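Residue numbers (the working numbering), protein chains in the order written: chain A, 235 to 548; chain B, 13 to 270.
Some notes on the structure that comes next.
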Amino acid sequence: MQAPILDIRNLSKVYASGLLAVSDVSLQIQKGEIFALLGPNGAGKTTLISIVCGIATPSSGTVSVAGHDIIGGYRAARTLIGLVPQEISTDTWESVLATVRYSRELFGRAPNPAFVEKTLRDLSLWDKRNERIMSLSGGMKRRVMIAKALAHEPEILFLDEPTAGVDVELRRDMWALVHDMRLRGVTIILTTHYIDEAEEMADRIGVINRGKLILVEEKHALMRQLGKRQLTVQLAEPMQQLPAGLRDWALVLSGDGTQLQFSFDATAERNGIPGLLRRLDELGVGYKDLLTQQSSLEEIFVNLVSERTGTSSS
Amino acid sequence: MTGARFNGRGVWAIYKFEMARFRRTWLQSLITPVITTSLYFVVFGAAIGSRMSQVNGVPYGAFIVPGLIMLSLLTESLSNASFGIFFPKFTGTIYELLSAPISAFETVLGYVGAAASKSVILGLVILATASMFVPLKILHPVAMVSFLLLTAISFSLFGFITGIWAKGFEHLQFVPMLVITPLTFLGGAFYSIDMLPPAWRTITLFNPVVYLISGFRWSFYGSADVSVGVSLVATLGFFALCLALVAWIFKTGYRLKN
Ligand SMILES: Nc1ncnc2c1ncn2[C@@H]1O[C@H](COP(=O)(O)OP(=O)(O)OP(=O)(O)O)[C@@H](O)[C@H]1O
Ligand SMILES: [Mg+2]
């Protein structure tokens, strides 16, 4: 396997307050990967990203970017990184074009008007290039921050909750942008509270809780492994109670006796479904429809976090 | 890719960005001090100065020019540099600077370079204004420019430190208002410290601004309260102190990084 483009080893962060925000995190990310970091508020997502980007200092552990240590080789490492932080903070009196050019030059890149124009056009900012940033709407300001992050042509892009509080259109644009960046081979690490976003975009998913990375898994495998499937049997005739002959299966009668719910493990060799259907036939229980469902990442995630913290989720 | 390449573009970007702020507000930045200085000349130079004898052989109106320039230079360097770094901290845009491949030295070069440039421009504008009111002579132009630059850079560094230290706008105003202005007024801008009673003269020698003004005035008229060598050493000492503080700030990430 190729050397990872981002290599985090045993990283911990204790804030001055004594709070352990990141706890012994190790994580390797391959070039071109899209990695989604999920976790509840205060889990340590932003802190982890801030350390990699040079905004916060690590308490222990190491991080290297394409083989460059983020402290010893900070110039080379940071040149490769673009960051769109969680909070919107932009210049005020500067024009959109000026602020994006500034970002490019700050990262030591030679001016490239064509590239800057393309970036602004991709983000629907070109028409607003001469406007002062303070006159833009919040969503437009977020676009400006994205343009600034892309201005120096980074190879790794950190998007910290890129779609928090943005409208549907920008959300779609963001997704399109991520797909576009992936085609260019850019590695993307994003945090989000919208599970559908991770489901839509990510190749791999990491779940962080209370500073600990409790799980890293390829998205489909995660859903296969943890995703309970549920079979719903739509009965022809409602039944009052479960017949004794069906006790071997953990069935739940619902929908006023019109549905049988059966949870099964999709990856198990014997999932019990053929036997169940045979038994239904033997008992003369008629059914008009069968439906299977997979749990969403959201359910998986809520289960995981509540399991690890010992709190019960409703 | 070499890890130690100087990010000259980054420095230039910061410098241009800071100078753009100055250009946007050049009216306030330049006109205000020009008007203020003119008022000083009308009041001190013409109204009071005409009743005063010469100070160390220099007419009073001309005597106060170096002090006035220093007063503006100090306050402007301080407020420009402190605002320049405080504002991104305040708005949060500092994240970009912290995540950029730019060293501490380069960052300081950009911010302090811009702040010092602005106050040197301002100092020269005040000098030009002054020359319209009083006959000026500059005996040691090289020394004059050197003191001007050294002071502008030192106090821009000091301003940079204040900007990083400041947690709010009150802090930002605190240093110029409560530290610099009194030190400058008591630093011999408007009088020769020889005019003070002996006890006060001794106390005054603990005021660093005395050395700046004295050295700067020497470069104009060749006479000084303290010897020019002492002035130079004191100025360089202050410069070195600020430099060391800035180095420490970046080394520890004090109030910049968590
Ligand atoms: N500058 C700071 N000083 C002290 N503690 C901090 C600081 N920044 C964050 N924390 C704490 O560190 C923990 C992790 O915060 P962080 O911002 O990394 O969480 P997050 O996963 O990004 O949360 P969210 O989803 O709300 O953005 C929290 O308990 C937070 O209160
Ligand atoms: Mg966060």
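Ideal placement from N, C-alpha and C gives every residue a C-beta, glycine not left out.
No experiment lies behind these values; they were computed from the predicted model shown.
Quiz prompt | the region 146–164 of chain B in contact with the region 62–69 of chain B per 3-pair CB rule at 8 Å | solution = With a cut-off of 8 Å, the region 62–69 of chain B and the region 146–164 of chain B do not count as touching, because too few Cβ pairs lie within range.
Practice problem: Output the residue ranges of the alpha helix (DSSP H) runs that lie fully inside the region 287–313 of chain A and measure 4 residues or longer, sorted by chain position. | Solution: Counting only runs of 4 or more, we get 308–313.
Quiz prompt | Closest Cα partner of residue 467/A within the set 449/A, 254/A, 391/A and 514/A | solution = For the purposes of this step, residue 467/A is identified with residue 233 of the first sequence, where counting begins at 1. Relative to residue 467/A, the option among 449/A, 254/A, 391/A and 514/A whose CA is nearest is 514/A.
Quiz item: Is residue 286/A closer than 7 Å to residue 396/A when the C-beta atoms are compared?
Solution: Reading the first sequence from its first residue, position 162 is the one you call residue 396/A. Reading the first sequence from its first residue, position 52 is the one you call residue 286/A. At the C-beta level, residue 396/A and residue 286/A stay beyond 7 Å of one another.
Quiz item: Any heavy atom of ligand 1 closer than 6 Å to the CB of residue 249/A?
Solution: The residue given as residue 249/A occupies position 15 in the first sequence. Result yes, Cβ under 6 Å from ligand 1.
Practice problem: Could you confirm whether any beta carbon from chain B is found closer than 7 Å to the beta carbon of residue 550/A? | Solution: Since the first and last residues shown for chain A are 235 and 548, residue 550/A lies out of range.
Quiz item: Could you give the C-beta distance for residue 275/B and residue 129/B, rounded to a whole number, given that I count them as a contact under 8 Å?
Solution: Nothing about residue 275/B can be reported from this structure: the residues present for chain B run from 13 to 270 only.
Quiz item: Any residues in the region 98–126 of chain B with a beta carbon nearer than 7 Å to a beta carbon of chain A? Which ones, in chain order?
Solution: Answer in chain order: 103, 104, 105, 107, 108, 110, 111, 112, 113 and 114.
Quiz item: So which residues on chain B does residue 382/A lean against when the C-beta distance must stay under 8 Å?
Solution: Within the first sequence, residue 382/A is the residue found at index 148, counting from 1. By Cβ distance, chain B contributes 108.
Exercise. Might you give, ordered along the chain, the residues of its own chain that have their beta carbon closer than 6 Å to the beta carbon of residue 353/A, omitting 5 neighbours on each side?
Key: As a first step, residue 353/A must be located in the first sequence, where it is residue number 119. Closer than 6 Å at Cβ, skipping near neighbours: 381 and 384.
Practice problem: Indicate whether at least one CB of chain A lies closer than 7 Å to the CB of residue 92/B. | Solution: For the purposes of this step, residue 92/B is taken as the residue at position 80 of the second sequence. Judged by the 7 Å Cβ criterion, residue 92/B is not in contact with chain A.
Quiz item: Closer than 6 Å: is that where the CB of residue 495/A sits relative to any heavy atom of ligand 2?
Solution: Mapped onto the first sequence, residue 495/A falls at position 261. No, the beta carbon of residue 495/A sits no closer than 6 Å to any heavy atom of ligand 2.
Practice problem: Please look up how many angstroms separate the CB atoms of residue 526/A and residue 464/A, rounded, as I've assumed it's under 8 Å. | Solution: Along the first sequence, one-based indexing puts residue 526/A at 292. Along the first sequence, one-based indexing puts residue 464/A at 230. Right, the Cβ-Cβ distance comes to about 7 Å (below 8 Å), so this counts as a contact.
Self-check item: Cβ pair count under 8 Å reaching 3, the region 292–303 of chain A against the region 90–103 of chain B
Solution: Remark: fewer than three beta-carbon pairs, one from each stretch, lie closer than 8 Å, so the region 292–303 of chain A and the region 90–103 of chain B are not flagged as touching.
Practice problem: Using a Cβ cut-off of 7 Å (strictly closer), state whether residue 259/B contacts chain A. | Solution: The residue given as residue 259/B occupies position 247 in the second sequence. By this cut-off, residue 259/B is not an interface position.
Quiz item: Are residue 312/A and residue 295/A touching if we call contact CB-CB under 7 Å?
Solution: Here residue 312/A refers to the residue found at position 78 of the first sequence. Here residue 295/A refers to the residue found at position 61 of the first sequence. Their beta carbons are not under 7 Å apart, which means residue 312/A does not touch residue 295/A by this criterion.
Self-check item: For residue 233/B, three-class secondary structure by DSSP
Solution: For the purposes of this step, residue 233/B is taken as residue 221 along the second sequence, with counting starting at 1. If DSSP states are grouped into helix, strand and coil, residue 233/B belongs with the helices.
Practice problem: Give, in chain order, every unbroken run of the beta strand (DSSP E) that is at least 3 residues long and sits entirely within the region 395–480 of chain A. | Solution: Listed in chain order, the complete beta strand (DSSP E) runs (minimum 3 residues) inside the region 395–480 of chain A are 421–425, 438–443, 446–452 and 462–469.
Quiz item: To the nearest angstrom, how far is it from the Cα of residue 528/A to the Cα of residue 469/A?
Solution: Here residue 528/A corresponds to residue number 294 of the first sequence, with the count starting at 1. Here residue 469/A corresponds to residue number 235 of the first sequence, with the count starting at 1. Each residue's alpha carbon lies about 21 Å from the other.
Practice problem: Could you list which residues in chain B have their beta carbon closer than 8 Å to that of residue 290/A, in chain order? | Solution: For the purposes of this step, residue 290/A is taken as residue 56 along the first sequence, with counting starting at 1. Among the residues of chain B, those whose CB is under 8 Å from the CB of residue 290/A are 269 and 270, following chain order.
Quiz prompt | Endpoints, beta strand (DSSP E) assigned at residue 270/A | solution = Counting from one through the first sequence, the residue named residue 270/A turns up at place 36. Going by DSSP, residue 270/A is part of the beta strand (DSSP E) stretching over 268–272.
Practice problem: Specify, as a first and last residue, the run of the beta strand (DSSP E) that residue 255/A falls within. | Solution: Within the first sequence, residue 255/A is the residue found at index 21, counting from 1. Element bounds for residue 255/A: 254–263.
Self-check item: Contact with chain B by residue 426/A, beta-carbon distance below 7 Å
Solution: On the first sequence, residue 426/A is found 192 positions in, with the first residue counted as 1. Not an interface residue.
Quiz item: Is the number of C-beta pairs between the region 340–355 of chain A and the region 104–117 of chain B that are closer than 8 Å three or more?
Solution: As far as the Cβ criterion goes, the region 340–355 of chain A touches the region 104–117 of chain B, which means the pair count is three or higher.
Quiz item: Quick one: what does DSSP say residue 185/B is sitting in, helix, strand or coil?
Solution: By one-based count along the second sequence, residue 185/B stands at place 173. Assigned with DSSP and collapsed to three states, residue 185/B falls in helix.
Exercise. Indicate whether at least one CB of chain C lies closer than 7 Å to the CB of residue 21/B.
Key: Included in the structure are the protein chains A and B, with no chain C among them.
Quiz item: Within the 7 Å Cβ cut-off, does residue 329/A reach chain B?
Solution: One-based indexing of the first sequence puts residue 329/A at position 95. At a cut-off of 7 Å between C-beta atoms, residue 329/A does not count as an interface residue with respect to chain B.
Quiz prompt | Terminal residues of the beta strand (DSSP E) in which residue 241/A lies | solution = Within the first sequence, residue 241/A is the residue found at index 7, counting from 1. Start and end: 240–248.
Self-check item: Environment of residue 218/B [buried if 16+ CB atoms lie within 10 Å]
Solution: Numbered from 1 along the second sequence, position 206 holds the residue referred to as residue 218/B. Classification for residue 218/B: exposed.
Quiz item: Does the Cβ of residue 279/A lie closer than 6 Å to at least one heavy atom of ligand 2?
Solution: Residue numbering aside, residue 279/A sits at position 45 when the first sequence is read from its first letter. Answer for residue 279/A: yes, Cβ within range of ligand 2.
Quiz item: Using a threshold of 6 Å, is the CB atom of residue 236/A nearer than that to any non-hydrogen atom of ligand 2?
Solution: Locating residue 236/A in the first sequence gives position 2, where the first residue counts as 1. Answer for residue 236/A: no, Cβ out of range of ligand 2.
Practice problem: Please classify residue 223/B: is it buried, with 16 or more other beta-carbons within 10 angstroms of its beta-carbon, or exposed? | Solution: In the second sequence, the residue the question calls residue 223/B occupies position 211. The residue in question, residue 223/B, is buried, as its Cβ has 16 or more Cβ neighbours within 10 Å.
Quiz item: Less than 6 Å between the CB of residue 40/B and some heavy atom of ligand 2, yes or no?
Solution: Here residue 40/B is taken as the residue at index 28 of the second sequence, counted from 1. Residue 40/B has its Cβ no nearer than 6 Å to any heavy atom of ligand 2.
Self-check item: Host alpha helix (DSSP H) of residue 263/B (start-end)
Solution: Here residue 263/B refers to the residue found at position 251 of the second sequence. Element bounds for residue 263/B: 240–264.
Quiz item: Hey, is residue 399/A's beta-carbon within less than 7 Å of any beta-carbon in chain B?
Solution: Taking the first sequence and counting its residues from 1, one reaches residue 399/A at position 165. Output row for residue 399/A: interface = no.
Quiz item: On the three-state DSSP scale, how would you describe residue 49/B?
Solution: In the second sequence, residue 49/B corresponds to position 37, counting from 1. Under the three-state reduction of DSSP, residue 49/B is assigned to helix.
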